[in-house]
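This report concerns only the one structure given below.
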Amino acid sequence: MKVKLSHPSQICKGELNITGSKSETNRLLFLQAVLSGFEIENNSNSDDSKAMQAALSSNEKLIDIHHAGTAMRFLTAYFSHQEGREVVLTGSQRMQERPIKILVEALQTLGASISYEKQEGYPPLRILGKTLEGGSVSLPANISSQYISSLLLLGPVLKKGIELNLVGKITSIPYINMTLALLEKLGVDTNFKGQKIKVNYLENPQKKKLIVESDWSSASYYFSIAALSEEAEIHLTSYKEDSLQGDSILRSIYEPLGVNSHIEGTKLILTKKKVSLPNKIKWDLSKAPDIAQTLAVSCYGLGIGCDLVGLHTLKIKETDRLVALNQELSKLGATITVTDRSLHLSAGQNLIKGCSIPTYNDHRMAMAFAPLALKIPLSIEEAGVVSKSYPSFWKDLKQLEFKIEKR
Numbered sequence: 009m010k011v012k013l014s015h016p017s018q019i020c021k022g023e024l025n026i027t028g029s030k031s032e033t034n035r036l037l038f039l040q041a042v043l044s045g046f047e048i049e050n051n052s053n054s055d056d057s058k059a060m061q062a063a064l065s066s067n068e069k070l071i072d073i074h075h076a077g078t079a080m081r082f083l084t085a086y087f088s089h090q091e092g093r094e095v096v097l098t099g100s101q102r103m104q105e106r107p108i109k110i111l112v113e114a115l116q117t118l119g120a121s122i123s124y125e126k127q128e129g130y131p132p133l134r135i136l137g138k139t140l141e142g143g144s145v146s147l148p149a150n151i152s153s154q155y156i157s158s159l160l161l162l163g164p165v166l167k168k169g170i171e172l173n174l175v176g177k178i179t180s181i182p183y184i185n186m187t188l189a190l191l192e193k194l195g196v197d198t199n200f201k202g203q204k205i206k207v208n209y210l211e212n213p214q215k216k217k218l219i220v221e222s223d224w225s226s227a228s229y230y231f232s233i234a235a236l237s238e239e240a241e242i243h244l245t246s247y248k249e250d251s252l253q254g255d256s257i258l259r260s261i262y263e264p265l266g267v268n269s270h271i272e273g274t275k276l277i278l279t280k281k282k283v284s285l286p287n288k289i290k291w292d293l294s295k296a297p298d299i300a301q302t303l304a305v306s307c308y309g310l311g312i313g314c315d316l317v318g319l320h321t322l323k324i325k326e327t328d329r330l331v332a333l334n335q336e337l338s339k340l341g342a343t344i345t346v347t348d349r350s351l352h353l354s355a356g357q358n359l360i361k362g363c364s365i366p367t368y369n370d371h372r373m374a375m376a377f378a379p380l381a382l383k384i385p386l387s388i389e390e391a392g393v394v395s396k397s398y399p400s401f402w403k404d405l406k407q408l409e410f411k412i413e414k415r
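Quick note on the numbering used here: the sequence shown kicks off at 9 and runs consecutively.
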């Protein structure tokens with residue numbers, strides 16, 4: 009499905025319900041499977057979370073998680089510890105091009121039986137489940153936090169717990185802290201000091217109900233909409249002041265771009281304010297790389313430059329996001345350069361109308377570019393890809409008066 013987007017007024021007002029965080033949901037689904045006895049409310053309705061839930065409840069030998077990267081990492085750890093269960097864990101063609109060797113080797117250090125069905129270091133994986141005891145593992149600190157979290161989530165069911173020794177600069181600390189905070193809510197004893205993270209075995213899991221906070225990554229598109237609008241008042245539910253999600257840094261990032269945000273009860277309220285825009289902004293997004301696409305598009309739409317660094321994990325996402333951003337922003341008239349870990353956009357606005365933006369099978373490409381319709385009409389190809397994380401995205405945009413034509 010291809011959609012053509014435009015907006016008649018550049019005025020955006022409305023109230024939207026954003027479903028639960030995909031990151032929190034998938035962690036809790038893992039823990040629910042290994043530490044039965046607690047309930048989850050406000051689950052994410054994303055394709056990724058549905059894939060995770062389906063895999064955890066499946067009795068099949070072949071487990072196909074399609075494009076769900078988080079599920080691939082978490083399930084590799086999960087099935088490694090399922091005594092006597094043999095599975096082949098696979099995914100889409102792109103998933104089979106995304107590296108997983110560091111996680112596999114860490115699990116093998118703990119005694120896991122995992123082999124590669126095709127190319128070494130990449131899915132599909134053949135996993136013969138065993139009762140793992142746990143222990144100490146060393147691994148690079150600058151890898152995707154999902155590798156680290158998948159190991160930490162196993163900790164409570166390993167008799168020796170797990171201790172990770174991280175070598176180098178740690179990437180995406182907020183996502184690691186999210187994992188530890190969720191473990192602690194269930195009574196798990198954890199410790200994170202310096203380069204070492206320890207998760208202890210939990211003998212008696214707590215029986216309780218955990219409510220998933222709404223997704224800040226999904227909220228990022230409304231920060232962009234507010235920034236690019238002439239007038240905005242957008243209410244989003246349900247959010248917390250003390251969020252576990254790294255992307256809540258959006259509030260600080262978009263403040264100088266003219267977006268005022270505050271939380272009343274569980275409502276996140278975004279309003280447009282008049283500001284003198286900077287010529288260029290600079291941000292290290294190593295703790296929140298998922299908002300890089302949204303922010304780069306916002307800056308171009310506002311005519312300001314940006315230097316975004318800490319983006320090395322974007323190379324192994326659903327697509328090479330840095331290459332895709334370079335390609336599509338250039339098509340729209342931007343002057344942009346990228347390296348393997350940074351993006352540099354020059355100030356200036358030469359928006360070319362009527363461009364058609366391919367999504368590269370990447371949900372965030374579709375949603376990051378959509379707010380530009382406030383400035384120029386454009387088309388988004390393969391628009392259904394948003395279901396990976398935010399199935400109701402196009403429906404919600406209509407509530408803010410976006411005109412959406414299916415082609």
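In this text, a Cβ means the ideal position worked out from N, Cα and C, and glycines have one as well. All values reported here derive from a predicted model rather than from experimental measurement.
Same chain only: Cβ atoms within 6 Å of residue 317, ignoring 5 sequence neighbours per side: Against the sequence shown, residue 317 aligns to sequence position 309. Hits under 6 Å: 292 and 350.
How big is the Cα-Cα spacing for residue 159 and residue 85? Against the sequence shown, residue 159 aligns to sequence position 151. Against the sequence shown, residue 85 aligns to sequence position 77. Approximately 6 Å, taken between the alpha carbons.
Can you name, in chain order, every residue of its own chain whose Cβ lies under 8 Å from the Cβ of residue 271, other than the five neighbours on each side? Here residue 271 refers to the residue found at position 263 of the sequence shown. Closer than 8 Å at Cβ, skipping near neighbours: 247, 248, 249 and 277.
Taking residue 101 and residue 130 to be in contact with their CB atoms under 8 Å, please state how far apart those CB atoms are, rounded to whole angstroms. Within the sequence shown, residue 101 is the residue found at index 93, counting from 1. Within the sequence shown, residue 130 is the residue found at index 122, counting from 1. Between residue 130 and residue 101 the Cβ distance is about 11 Å, and since that is not below 8 Å, they are no contact.
Within the same chain, show all residues whose beta-carbon is closer than 6 Å to that of residue 275, passing over the 5 residues directly before and after it, in chain order. Within the sequence shown, numbered from 1, the residue matching residue 275 stands at position 267. Once the five neighbours on either side are set aside, the close Cβ partners of residue 275 are 243 and 245.
With distances taken from CA atoms, which of 107, 146, 90 and 97 is nearest residue 120? Counting from 1 along the sequence shown, the entry for residue 120 is found at position 112. It is 90.
Mind listing, in chain order, the continuous alpha helix (DSSP H) runs of no fewer than 4 residues lying wholly within the segment 289-325? 300-310
State buried or exposed for residue 106, treating a residue as buried only when at least 16 other CB atoms are found within 10 Å of its CB. Counting from 1 along the sequence shown, the entry for residue 106 is found at position 98. Buried, by the Cβ-count rule.
Between the segment 138-145 and the segment 185-197, do at least 3 Cβ pairs fall closer than 8 Å? no
Using three-state DSSP, classify residue 70 as helix, strand or coil. The residue you call residue 70 lines up with position 62 of the sequence shown. It is a strand residue.
Could you pull the DSSP bridge partners for residue 199 from this structure? Counting from one through the sequence shown, the residue named residue 199 turns up at place 191. According to DSSP, residue 199 bridges with 206.
What are the residues that DSSP puts in a beta bridge with residue 89? For the purposes of this step, residue 89 is taken as the residue at position 81 of the sequence shown. DSSP lists no partner for residue 89.
Residue 67 classed as buried or exposed, judged by whether at least 16 other C-beta atoms fall within 10 angstroms: Numbered from its first residue, the sequence shown carries residue 67 at position 59. Residue 67 should be labelled exposed.
For the alpha helix (DSSP H) containing residue 187, name the first residue and the last one. Locating residue 187 in the sequence shown gives position 179, where the first residue counts as 1. Element bounds for residue 187: 181-193.
Go through its chain and collect everything with a Cβ distance to residue 319's Cβ below 7 Å, but skip five positions before and after it. Indexing the sequence shown from 1 puts residue 319 at position 311. Only 293, 297, 300, 330, 349, 350 and 351 meet the Cβ criterion.
Kindly list the residues whose CB is nearer than 6 Å to the CB of residue 239, restricted to its own chain and excluding five residues on each side of it in sequence; keep chain order. Here residue 239 refers to the residue found at position 231 of the sequence shown. Answer for residue 239: 19 and 280, listed in chain order.
Reduced DSSP category for residue 145 - H, G, I as helix; E, B as strand; rest coil: Locating residue 145 in the sequence shown gives position 137, where the first residue counts as 1. It is a strand residue.
Counterpart residues of residue 28 in DSSP-defined beta bridges: Along the sequence shown, read from residue 1 onward, the residue named residue 28 stands at position 20. In DSSP, residue 28 forms a bridge with 222.
Span separating the alpha-carbon of residue 346 from that of residue 289: The residue you call residue 346 lines up with position 338 of the sequence shown. The residue you call residue 289 lines up with position 281 of the sequence shown. Rounded to whole angstroms, residue 346 to residue 289 spans 16 Å at the Cα level.
Please state whether DSSP places residue 280 in a helix, a strand or coil. By 1-based counting over the sequence shown, the position of residue 280 is 272. Residue 280 falls in the strand class under three-state DSSP.
Quick check on the DSSP output: the beta strand (DSSP E) that includes residue 386 runs from which residue to which? The residue given as residue 386 occupies position 378 in the sequence shown. Residue 386 -> beta strand (DSSP E) spans 386-388.
Applying the 10 Å Cβ sphere with the 16-neighbour rule, what's the burial state of residue 266? Within the sequence shown, residue 266 is the residue found at index 258, counting from 1. Residue 266 should be labelled buried.
Taking 8 Å as the threshold, find out whether the segment 171-182 comes into contact with the segment 209-219 through three or more Cβ pairs. no
With a threshold of 6 Å on Cβ separation, who are the neighbours of residue 23 within its own chain once the five nearest residues in sequence on each side are excluded? Looking up residue 23 in the sequence shown gives position 15. Within the same chain, residue 23 has close Cβ partners 243.
Going by C-alpha distance, which of 50, 72 and 378 is nearest residue 404? Residue mapping note: residue 404 aligns to position 396 of the sequence shown, counting from 1. If we check each option's Cα against that of residue 404, 378 comes out closest.
Quick one: what's got a C-beta closer than 6 Å to residue 232's C-beta in the same chain, skipping five residues either side? Sequence index remark: in the sequence shown, residue 232 carries index 224 (1-based). Cβ neighbours of residue 232 beyond the five flanking positions: 302, 306 and 379.
According to the neighbour-count rule (16 or more other Cβ atoms, all chains shown, within 10 Å of its Cβ), is residue 199 buried or exposed? If you number the sequence shown from 1, residue 199 lands on position 191. So residue 199 counts as exposed.
Looking at the structure shown, is residue 150 part of a helix, part of a strand, or coil, going by DSSP? Reading the sequence shown from its first residue, position 142 is the one you call residue 150. Residue state, collapsed to three classes: coil.
For residue 134, does the three-state DSSP call read helix, strand or coil? Within the sequence shown, the letter at position 126 stands for residue 134. Reduced to three states, the DSSP call for residue 134 is strand.
Can you find the residues in the same chain that come closer than 6 Å, C-beta to C-beta, to residue 397, ignoring five residues on each side of it along the sequence? For this step, residue 397 is matched to residue 389 along the sequence shown. Cβ neighbours of residue 397 beyond the five flanking positions: 30, 54 and 371.
Given this structure, state the Cα-to-Cα distance separating residue 338 from residue 93, to the nearest angstrom. As a position in the sequence shown, residue 338 is number 330, starting the count at 1. As a position in the sequence shown, residue 93 is number 85, starting the count at 1. In a straight line, the C-alpha of residue 338 is about 49 Å away from that of residue 93.
Excluding the five sequence neighbours on either side, which residues of its own chain have a C-beta within less than 7 Å of the C-beta of residue 228, listed in chain order? On the sequence shown, position 220 is the one that residue 228 refers to. Closer than 7 Å at Cβ, skipping near neighbours: 255, 258, 299 and 302.
Residue 240 in three-state terms, based on DSSP: Counting from 1 along the sequence shown, the entry for residue 240 is found at position 232. Of the three classes helix, strand and coil, the one that applies to residue 240 here is strand, per DSSP.
Give me, in chain order, the residues of the same chain whose beta-carbon lies closer than 8 Å to that of residue 126; leave out the 5 immediate sequence neighbours on both sides. Stepping through the sequence shown from its first residue, residue 126 is reached at position 118. 104 and 132.
On the criterion of 16 or more Cβ atoms from any shown chain inside 10 Å, does residue 415 qualify as buried, or is it exposed? Position 407 of the sequence shown, counted from the start, is the residue given in the question as residue 415. Residue 415 comes out exposed.
Where residue 50 and residue 82 are concerned, what is the direct C-alpha to C-alpha distance, given to the nearest angstrom? The residue labelled residue 50 in the question sits at position 42 within the sequence shown. The residue labelled residue 82 in the question sits at position 74 within the sequence shown. Near 20 Å, if we compare the C-alpha coordinates of residue 82 and residue 50.
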